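Colleague: Chains A and B, in that order, are what the protein sequence lines are.
Counted from 1, the first sequence has number 218 at position 218 by the UniProt record's numbering; the numbering is strictly sequential.
Counted from 1, the second sequence has number 69 at position 69 by the UniProt record's numbering; the numbering is strictly sequential.
The beta-carbon is built from N, C-alpha and C at its ideal position, and this holds for glycine as well.
What you are looking at is a predicted structure, and each value in this text was computed from that prediction instead of being measured.
Sharing a structure below in structure tokens format, with a few things to ask.
There are 2 protein chains.
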Amino acid sequence: MGEFDLIARYFTRPARRNPLGVGDDCALLQPAPGMQLAVSTDLLVEGRHFLPTVDPRSLGHKSLAVNLSDLAACAAQPLAFTLALALPRVDEAWLAAFSEGLFALADAHDCELVGGDTTAGPLTIGITVFGEVPAGQALLRSGARAGDALWVSGTLGDARLALEALRGTIALPPDVLAVARDRLDRPTPRVELGLALRGIASSAIDISDGLLGDVAHVLERSGVGAIVDAECAPQLLAALRTGLQLPIERVQECVFAGGDDYELAFTAAPGRTAEVLAAAQQARGPVTRIGTITAEPGLRVRDAQGRTLAQEFAGFDHFRA
Amino acid sequence: MGEFDLIARYFTRPARRNPLGVGDDCALLQPAPGMQLAVSTDLLVEGRHFLPTVDPRSLGHKSLAVNLSDLAACAAQPLAFTLALALPRVDEAWLAAFSEGLFALADAHDCELVGGDTTAGPLTIGITVFGEVPAGQALLRSGARAGDALWVSGTLGDARLALEALRGTIALPPDVLAVARDRLDRPTPRVELGLALRGIASSAIDISDGLLGDVAHVLERSGVGAIVDAECAPQLLAALRTGLQLPIERVQECVFAGGDDYELAFTAAPGRTAEVLAAAQQARGPVTRIGTITAEPGLRVRDAQGRTLAQEFAGFDHFRA
Chain A
1 MGEFDLIARY
11 FTRPARRNPL
21 GVGDDCALLQ
31 PAPGMQLAVS
41 TDLLVEGRHF
51 LPTVDPRSLG
61 HKSLAVNLSD
71 LAACAAQPLA
81 FTLALALPRV
91 DEAWLAAFSE
101 GLFALADAHD
111 CELVGGDTTA
121 GPLTIGITVF
131 GEVPAGQALL
141 RSGARAGDAL
151 WVSGTLGDAR
161 LALEALRGTI
171 ALPPDVLAVA
181 RDRLDRPTPR
191 VELGLALRGI
201 ASSAIDISDG
211 LLGDVAHVLE
221 RSGVGAIVDA
231 ECAPQLLAAL
241 RTGLQLPIER
251 VQECVFAGGD
261 DYELAFTAAP
271 GRTAEVLAAA
281 QQARGPVTRI
291 GTITAEPGLR
301 VRDAQGRTLA
311 QEFAGFDHFR
321 A
Chain B
1 MGEFDLIARY
11 FTRPARRNPL
21 GVGDDCALLQ
31 PAPGMQLAVS
41 TDLLVEGRHF
51 LPTVDPRSLG
61 HKSLAVNLSD
71 LAACAAQPLA
81 FTLALALPRV
91 DEAWLAAFSE
101 GLFALADAHD
111 CELVGGDTTA
121 GPLTIGITVF
131 GEVPAGQALL
141 RSGARAGDAL
151 WVSGTLGDAR
161 LALEALRGTI
171 ALPPDVLAVA
181 RDRLDRPTPR
191 VELGLALRGI
201 ASSAIDISDG
211 LLGDVAHVLE
221 RSGVGAIVDA
231 ECAPQLLAAL
241 RTGLQLPIER
251 VQECVFAGGD
261 DYELAFTAAP
271 GRTAEVLAAA
281 QQARGPVTRI
291 GTITAEPGLR
301 VRDAQGRTLA
311 QEFAGFDHFR
321 A
């Protein structure tokens, strides 16, 4: 099978929402009047972002999910995406499963594949995603203000727990591993929550490199600091709800610096708590208040007695890990 | 140097044309009212699209040039691009030269870097480029009509000649190699010509995989055929102007199936010849008429006596080459 047959068989579907899709030199998009186009791009490399043993259907899902998560953090409605794919060989069973996982998530968000590029090379997946947001309503990293509450969606740290189990640094019962691994392999982008938080949240970011590392980006861009409550960690790690026992330091490491969560961290003025909770209910996903934005710069994790934890929780850095 | 320092030092410049650039979860673009957004993406992999010995400044240029060439083929005005970069290691000299070559071409087209992703991995460059075109005015592959003239811009085949010389399958005098290698390493995207051909050309494509293979895409999408004049080959290969002697079969192979040219192939009704030539003059680049679109499907190369050449000129296919 050649390059053009491969594209025709696995990656070409007629454009419905957009003026021109796969098959020309460019795709054409037309944002509605008054809308801005939100754009984000992610590159996934085998051995860095996923294991060679990953199920290709899950990989198709995750490749798009991590990009939709960026749209969610900007409160943008998904519109379209492009796919750049380097493949070591043409493996039709792999392509069928990968494209199935990819399109299942794309269809769930009415997000069309409009173009791409396919080449031979080490397995690499590059997706650029496009969403619409009314001009001026995108949630930015720069909007956090002293006194705002700091929130996160869903649960955190389970993807890291699965990764540690796959690496053999921790042993998990099979049922716990299955739940944790689903979080690692098939993250849920919080698109509905992002949309529901338009006009309510003051800032947002998606958690990909670890909660505290990503929150630090918000603090830096907003020129503020934050206090995070250490006690929130156990309630955020879903695996603990199965009765799993873990040292608290390990729980904190997973929740605060785990990475690969694809939940949203966001801030909102304290008077908007009821609206935040209503938005979460509308988006059918729980949110948890985990701290407070401060005028004083820096990020401190405090225990119930108000003592700052000495432990450092470094975010993931592709050139330091 | 970590990932965030690397991005800050080499790839972050303030957004001027676009509402939001590098540094948030998404970039924000705002096409002017009545404009469609043209989008194209290309993935360049070391060893497939460029040799490990390539000058990083040229590589920065070429990575963006191949994408701008897709905008040119759609008659879109460049607006912005994203960069996804997998690097085996942090090499500051390489990054400085690569980003310099990249931004020099970007600045020449007022095309802003608005976002991206950086990770460790085998050297891979993924660019997605955005341009603006008035709704309905994009040049598509599907617009060629029987009787139209078939044109190409610039010169063809010299990049292939350089590649063959670098591979050692042909010997070139140093001055010829230098000219040919410049065509391979630093292609010129025909953005101005594409813009000048709005409303004049009936279809267009950029020549990346080889003239005849790319023209075949236009024929297929337009439901037409074409006759290409074999005699045009020698005048299109710039290296021959230096006095270089080459067998005619080799000349035809380079011109008709060379690849990596990043010139435009386009069609226009026969009555629009004067307008085509005026557009080429305005864009300060020569164009050559190389054939005619036919109602009968198929692509035939004919000599001066009207005989169809038996030789096959296959376009480049990443999974067959």
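1. Taking all protein chains shown into account, do 16 or more other C-beta atoms lie within 10 angstroms of the C-beta of I248(B), making it buried, or fewer, making it exposed?
2. If you draw a straight line from the alpha carbon of A321(B) to that of S208(B), how long is it in whole angstroms?
3. From this set, T155(A), I205(A), L59(A), which residue's C-alpha is nearest A96(A)'s C-alpha?
4. Please list, in chain order, the chain A residues whose beta carbon lies closer than 7 Å to that of Q36(B).
5. Which residues, in order along the UniProt domain "PurM-like C-terminal" (145-302) of chain B, keep a beta-carbon less than 8 Å from a beta-carbon of chain A?
6. So which residues on chain A does L51(B) lean against when the C-beta distance must stay under 7 Å?
7. When burial is assigned at 16 or more other CB atoms within 10 Å of the CB, is T169(B) buried or exposed?
8. Going by the beta-carbon positions, is the gap between L43(A) and G126(B) smaller than 8 Å?
9. Quick one: which unbroken beta strand (DSSP E) runs of 3-plus residues sit fully inside the segment 16-66 of chain A? Chain order, please.
10. Under the three-state reduction of DSSP, which class applies to P78(A): helix, strand or coil?
11. Hey, how far is the Cα of L71(A) from the Cα of A108(A)?
12. What is the residue span of the alpha helix (DSSP H) that F103(B) lies within?
13. Is there at least one Cβ from chain B nearer than 8 Å to T41(A)'s Cβ?
14. 8 Å is my cut-off, CB to CB: does L140(B) come that close to chain A?
15. I'd like to know whether the C-beta of G116(B) is nearer than 8 Å to at least one C-beta of chain A.
16. So T12(B) contacts chain A; which residues on that side make the cut at Cβ distance below 7 Å?
17. Who pairs with P134(B) in a beta bridge, going by DSSP?
18. Between C232(B) and the rest of its own chain, which residues show a CB-CB distance below 7 Å, the 5 nearest in sequence each way excluded?
19. Could you pull out every unbroken beta strand (DSSP E) segment of at least 3 residues lying fully inside the segment 147-210 of chain A, listed in chain order?
20. Considering Cα atoms alone, identify which of F4(B), G259(B), Q311(B), P19(B) is closest to T155(B).
21. Name the chain D residues whose beta carbon is nearer than 7 Å to that of R57(A)?
22. Go through its chain and collect everything with a Cβ distance to A196(A)'s Cβ below 6 Å, but skip five positions before and after it.
23. Interface residues of chain A around P33(B) at Cβ under 7 Å?
24. Per DSSP, which one or two residues make a beta bridge with R289(B)?
25. When you compare only the Cα positions, how much space is there between E275(B) and A149(B)?
26. Would you mind sorting D5(A) into buried or exposed? The rule is 16 or more other CB atoms within 10 Å of its CB.
27. Roughly how many angstroms lie between the CA atoms of R241(B) and A265(B), to the nearest whole one?
28. Identify the contact partners of G126(B) in chain A, using a Cβ-Cβ distance below 7 Å as the criterion.
29. Please state whether DSSP places F4(A) in a helix, a strand or coil.
30. What residue range is occupied by the uninterrupted beta strand (DSSP E) comprising E249(B)?
31. Are the beta-carbon atoms of A178(B) and A165(B) separated by less than 8 Å?
32. Would you check if the distance between the CB atom of L83(B) and the CB atom of G116(B) is smaller than 8 Å?
33. Just verifying my parser: in three-state terms, what is the DSSP assignment at G271(A)?
34. Buried or exposed, going by whether 16 or more other CB atoms sit within 10 Å of the CB of Q305(A)?
35. Ordered along the chain, which non-local residues of its own chain (more than five positions away) have a Cβ less than 7 Å from that of T273(B)?
Modeller: So, from the listed chains and residues:
1. exposed
2. Reliability fails at A321(B), whose pLDDT of 47 lies under 50, so the model's placement of it is uncertain and the value that follows must be treated cautiously. Computed Cα separation, rounded: 14 Å.
3. L59(A)
4. P19, L28, L29, Q30
5. A204, I205, D206, R221
6. In chain order: nothing, as chain A lies at least about 14 Å away.
7. exposed
8. yes
9. 27-29, 35-45
10. strand
11. 15 Å
12. 92-108
13. yes
14. yes
15. yes
16. Here the premise fails: no neighbours, minimum Cβ distance about 12 Å.
17. M35(B)
18. T288, I290
19. 149-153, 203-206
20. G259(B)
21. Considering every chain present, this structure includes no chain D. Its protein chains are A and B.
22. A279, Q282, A283
23. P33
24. W151(B)
25. 13 Å
26. exposed
27. 22 Å
28. L43, A84, G126
29. helix
30. Counting along the chain, E249(B) falls outside any beta strand (DSSP E), though it belongs to the alpha helix (DSSP H) covering 248-257.
31. no
32. yes
33. helix
34. exposed
35. A149
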